[in-house]
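Chains as they are written, first to last, in this note's numbering: chain A, 40 to 182; chain B, 24 to 461; chain C, 463 to 895.
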Amino acid sequence: MKITQISVFLENKKGRLFEATKALGDAGVDIKALTIAENEDFGVLRMVVDKPQDALAAFKKNGFVASLTDIVAVEVDDTPGGLARILAVFNKNDLNVEYMYAFVEKTADKAIVVFRFDDPDKAIVILTKNNVKIVGKKEIQTL
Amino acid sequence: MKEKIAFRDAQKECIDGQALRKYQLERLKETVGHALRTPFYQHRLNKVGIRSSDDIRSLKDLERIPFTTKDDLRESYPRGLLATDMKKVVRVHTSSGTTGIPTVIYHTQEDLDNWTELVVRSIVACGVTSDDVFQNMMTYGMFTGGLGLHYGAERLGALVIPSGSGNTKRQLQLMKDFRTTVVHATPSYMFHFSSKIGELGFTVEELNLKKAFLGAEPYSENTRKKIEEFFKIDVYNSYGLSEMNGPGVAFECIYKTGMHLWEDAYILEMIDPETKKNLGDDTQGELVLTTLCRQATPLLRYRTRDLTTVVKGNCPCGRTHRRISRIAGRTDDMLIISGVNVFPSQIEQVIMKIPEVGNNYQIYLAKEGALDKLTVKVELYSKLFSGDLQDLERLKRKIQDELRASIVITPMVELHEPGSLPEFELKAKRVVDERIKI
Amino acid sequence: MIYNEKFECMSLEELKNVQSERLKKTVSYVYQYCPFYQKKFASHGISPKDIKTIDDIVKLPFTVKDDLRDNYPFGVLSMPLAQIAEIHVSSGTTGNPTVVGYSKEDIELWSEVMARAFCCAGGLPGDMVQVAYGYGLFTGGLGAHYGALKAGMTVIPCSSGQTKRQLKIMQDFKPRILACTPSYSLFMADEAKEIGMDCKKSSWEIGVFGAEPWSDSMRKEIESIWNLSATDIYGLSEIIGPGVAQECTHKDGLHLFSDVFYPEVINPKTGKEAKEGETGMLVLTHLTKTGMPLLRYQTRDIIKITHEKCRCGRTSPRISKILGRTDDMIIVRGINVFPSQIEEVLLRIEGTEPHYQLVVERPHGGLDELEVQVELKESFFSDEVKQLQHLSDKIRDEIESVLGIGVKVRLVEPKTIARSEGKAKRVIDKRNI
Chain A
40 MKITQISVFL ENKKGRLFEA TKALGDAGVD IKALTIAENE DFGVLRMVVD KPQDALAAFK
100 KNGFVASLTD IVAVEVDDTP GGLARILAVF NKNDLNVEYM YAFVEKTADK AIVVFRFDDP
160 DKAIVILTKN NVKIVGKKEI QTL
Chain B
24 MKEKIAFRDA QKECIDGQAL RKYQLERLKE TVGHALRTPF YQHRLNKVGI RSSDDIRSLK
84 DLERIPFTTK DDLRESYPRG LLATDMKKVV RVHTSSGTTG IPTVIYHTQE DLDNWTELVV
144 RSIVACGVTS DDVFQNMMTY GMFTGGLGLH YGAERLGALV IPSGSGNTKR QLQLMKDFRT
204 TVVHATPSYM FHFSSKIGEL GFTVEELNLK KAFLGAEPYS ENTRKKIEEF FKIDVYNSYG
264 LSEMNGPGVA FECIYKTGMH LWEDAYILEM IDPETKKNLG DDTQGELVLT TLCRQATPLL
324 RYRTRDLTTV VKGNCPCGRT HRRISRIAGR TDDMLIISGV NVFPSQIEQV IMKIPEVGNN
384 YQIYLAKEGA LDKLTVKVEL YSKLFSGDLQ DLERLKRKIQ DELRASIVIT PMVELHEPGS
444 LPEFELKAKR VVDERIKI
Chain C
463 MIYNEKFECM SLEELKNVQS ERLKKTVSYV YQYCPFYQKK FASHGISPKD IKTIDDIVKL
523 PFTVKDDLRD NYPFGVLSMP LAQIAEIHVS SGTTGNPTVV GYSKEDIELW SEVMARAFCC
583 AGGLPGDMVQ VAYGYGLFTG GLGAHYGALK AGMTVIPCSS GQTKRQLKIM QDFKPRILAC
643 TPSYSLFMAD EAKEIGMDCK KSSWEIGVFG AEPWSDSMRK EIESIWNLSA TDIYGLSEII
703 GPGVAQECTH KDGLHLFSDV FYPEVINPKT GKEAKEGETG MLVLTHLTKT GMPLLRYQTR
763 DIIKITHEKC RCGRTSPRIS KILGRTDDMI IVRGINVFPS QIEEVLLRIE GTEPHYQLVV
823 ERPHGGLDEL EVQVELKESF FSDEVKQLQH LSDKIRDEIE SVLGIGVKVR LVEPKTIARS
883 EGKAKRVIDK RNI
């Protein structure tokens, strides 16, 4: 139920973001969701894509440092308070979120939010118990 | 096995009580004479009817003289307490004051010689000889810990390695390669040292350490034992403050039963910090010192703000100078962080000048391994939040730099949301000290 | 004022006699007491008898920095450690630092040449000196301290850093002499302007600036900002620390105190003497040192020398500012940095051969900034910025602990550091010196 995220190291200099996304485009990889974390010197671009292995190969070929990480994607009611209800479950169960970001696309009228936990397997067990819908690999690809 | 008792000057160090008091009176008269040359003391002493050194007839007359405080030093900055012609001054030391204005101590060549002699006397009492290799891991410069011991060890004829503080690996390398026998450091640095030694690829056995002088910050008997056992050395406690020269005011001898305060150089008094009444020898009180051999900056009845007790009985070493116990605390809010004196007011002044943060702040002290870790927590002023992470990083660094410029040590800075720290008006607890006393 | 007129203004003939006598003494001294030189003399087939005048110095073998490293820590000392009074340490190219032992007489010699230097710069007994060089193992601070005391001046031992306090001390104590690195004086000026201080009204009349290379245009700038006379001082810890050579008020080259440090200038490739006025590497020989005298020590500093008498009356030869180095050492904020030191740290952390580059800049009115760019290796990459930040902080901390100065570490993408013929250019010096 975990999905794979690809992260790539980018220096904060002109054109690097373009070159990274172009490498993916050339390899026919579709970006489903993305976020950038940055400090003064560099950033990490994190993405959910349809073909993570192809993306990794494309980055390597173009000389980028990239890696794959397990994350959990969760369906969230796209209504006021929807995200808060999910986070309440985390709080109650002491689940620690390293970072999170949202998908651009939706399934029906639900939003999808990606979470990185320090222990994704434990998170999946707790989320399932609390009837939170987890989005799988296949669903991501067909979005 | 105990070491042999050694003296730099047995006659002076074992002087009998009557002769000491006679000598002290002579020196006190001279010191008052020097002090009367400064505008500050002229005014002070005249008010209590002391117009010349002849007005001092017995040691009892000392009690007529009002106390001198750190604030007095600050208010007479920079030259109000200078008692000689500036031409005779060869060195100046300043230390941090409570509010940015430093306190300043001038030295003539003779003052420096006297100071150096006290340091030599102190380290000889711990068994140091000219054959020793002395690695001085204290900061040099305006901080008196470094230069004070440097001159003393050099005059004794020991080999001096002026390594200064920090850079543990290099310290160890030098210690091993030069067969260092004696070190001078803060207790927390020595502790840190013990935790790093294995990690850096050294062993205690390959070192040749015999003794350590630890000072500049408080530590417990238990810590002494731990350090002694770890390094298989003798640790000696030392006491000094820059207003009284620096190191060499009081020092332990090989018996380690309290620090001999050199009473031919300082008159020792103990007072109740509240009532300011003189206390007898058997109660804990605030140490008050009068310099007896200083020309350039004589200080009369200086309140050290340090709490201590006079140790009862005679020392087996034969020295007659009374001993004080290790410092039990302070009578003001001064913090000692990594051996550096810091007043919360200094930190406050810096925070108040930075527009991006609010007025609420907290000083948080903890131990990171053996070392002190200072964290300053401030609230981000919401109107100036740009939303850019990099701006926040830069702000943190700016606060860090400004604080370092003021208090010498580099703190961690934490940004907090507005309203999350205890409020300023409520006389909040500004300092949270979670360091376990080592 | 000339501090030691007898030796500083000696006729060239007399000077040569003094040098000859002292060289003979030093050569037989090291031959008697220093195992390193005993071996060196033997392998070159030289004995003290071969040295009759100073001109015979060319018969002696050179001493190089690696000799000090290879014989670390005591091999080059000429007396037992127990008689050594003080030790100073500077960076070595790799591994072991360069160690210099001073006897009591050497400390006295150091005080003497530094007293000469302060007076040469225009100082007078009774002046107050603000010493803003670092104290400790670095020779700048204690050297200036000893010299000022020797010359009968008042010392303020500020050590380096804490700029606001430095400025406050200057305003309150009104020292006439400032001793620090030239770039620090400009840094202080920036800080001074920020707090609204009028630099032109500073009490400093004389600057004794050294420990790093600087240009004449920088001198003009410092002089005009602070309204003082900026003079250059030269030294290296292997010889004594600061106090090897110092500019006089005419600022026409640095007077090298050749009655105690004998200079030669050689072509670094051939080892042959360079002609008067030609650039070459400065080679120095101790004539009176006792703790660790060195013969024909290759400083690796490129200079020019002149033996013409100076208008100030001193007869000592004068050297130019440092025109370059024969190795890849750079000086950053007064501290010697060898790229090999950084390489060692990175190798220790990463476990494999690192790709890195040092970029040195001197922002206008600022202190030198050293940035270490390190190519990020895949095995160290993490999707979390804070992990990467930890890595870069760790590298920074280790480098700072080795060098003793603050650096900036920047992680860069692989293969972005230019490589020429397989070997990367390790240092990019953007300073305009």
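Yeah, the Cβ is synthetic: ideal placement off N, Cα and C, and Gly gets one too.
- Proximity to isoleucine 179 of chain A across A/Leu56, A/Val83, A/Phe81, A/Val88 peaks at A/Val88, based on C-alpha coordinates.
- The beta carbon of isoleucine 359 of chain B lies closer than 7 Å to those of Glu240, Pro241 in the same chain, with the five residues before and after it left out.
- Shown here for threonine 203 of chain B: same chain residues with a beta carbon closer than 6 Å to its own, the five before and five after excluded, namely Val156, Gln158 in chain order.
- Boundaries of the alpha helix (DSSP H) around valine 142 of chain B: 132-148.
- Taken through DSSP and simplified to helix, strand or coil, arginine 80 of chain B comes out as coil.
- Per the coordinates, the alpha-carbon of valine 799 of chain C lies some 10 Å from the alpha-carbon of serine 552 of chain C.
- Restricted to the segment 607-642 of chain C, the beta strand (DSSP E) segments that are unbroken, complete and at least 3 residues in length are 616-618, 639-642, listed in chain order.
- Neighbours of valine 104 of chain A across chain C, judged by C-beta separation under 7 Å: Leu838, Glu840, Phe843, Glu875, Pro876.
- CA-to-CA, the gap between methionine 86 of chain A and phenylalanine 154 of chain A works out to about 12 Å.
- Leucine 264 of chain B has a beta carbon lying at 8 Å or more from every beta carbon in chain C.
- Cysteine 37 of chain B and lysine 70 of chain B have their C-alpha atoms some 37 Å from each other.
- The bridge partners DSSP lists for leucine 49 of chain A are A/Gly82.
- Residues of chain A whose Cβ lies closer than 9 Å to the Cβ of leucine 412 of chain B are, in chain order, Ala76, Glu77, Asn78, Glu79.
- A straight-line Cα-Cα distance of about 7 Å links aspartate 660 of chain C and alanine 654 of chain C.
- Leucine 832 of chain C has a beta carbon lying at 8 Å or more from every beta carbon in chain A.
- When DSSP states are grouped into helix, strand and coil, lysine 100 of chain A belongs to the helix group.
- For tyrosine 46 of chain B, the secondary structure class from DSSP, reduced to helix, strand or coil, is helix.
- Of all residues in the segment 421-438 of chain B, those with a C-beta nearer than 7 Å to a C-beta of chain C are Ala428, Val431, reading in chain order.
- For glutamate 391 of chain B, not one C-beta of chain A is nearer than 8 Å to its own C-beta.
- For alanine 547 of chain C, no alpha helix (DSSP H) run applies; the uninterrupted beta strand (DSSP E) run containing it begins and ends at 546-552, by DSSP.
- Here glutamine 44 of chain A is bridged, per DSSP, to A/Thr108.
- Beta-bridge pairing by DSSP links alanine 72 of chain A to A/Val87.
- Within the same chain, and ignoring the five residues on either side of phenylalanine 503 of chain C in sequence, the residues whose Cβ sits closer than 7 Å to its Cβ are Tyr493, Ser509.
- Here arginine 773 of chain C carries a coil assignment [DSSP, helix/strand/coil].
- The C-alpha of tyrosine 384 of chain B lies about 8 Å from the C-alpha of isoleucine 374 of chain B.
- When DSSP assignments are scanned along the segment 356-429 of chain B, the uninterrupted stretches of alpha helix (DSSP H) that are 4 or more residues long and fall wholly within it turn out to be 367-375.
- Following the DSSP letters along the chain, one finds leucine 284 of chain B in no alpha helix (DSSP H) but inside the beta strand (DSSP E) bounded by residues 282-284.
- In the three-state reduction of the DSSP assignment, lysine 149 of chain A falls in the strand class, which pools E and B.
- Bounds of the alpha helix (DSSP H) holding leucine 122 of chain A are 121-131.
- At least one C-beta of chain A is nearer than 8 Å to the C-beta of glutamine 851 of chain C.
- Within 7 Å of the CB of arginine 872 of chain C, the CB atoms of chain A belong to Asp80, in sequence order along the chain.
- Contact note: glutamate 416 of chain B reaches chain A through Asn78, Glu79, using a C-beta cutoff of 7 Å and chain order.
- In terms of CA proximity to glutamine 481 of chain C, C/Asp721 leads the group C/Asp721, C/Val617, C/Tyr759.
- Looking at the DSSP output, proline 725 of chain C bridges to C/Leu746.
- For methionine 165 of chain B, the nearest CB of chain C lies under 8 Å from its own CB, placing it at the interface with that chain.
- Under the DSSP assignment, isoleucine 684 of chain C falls outside any beta strand (DSSP E), being part of the alpha helix (DSSP H) whose first and last residues are 678-688.
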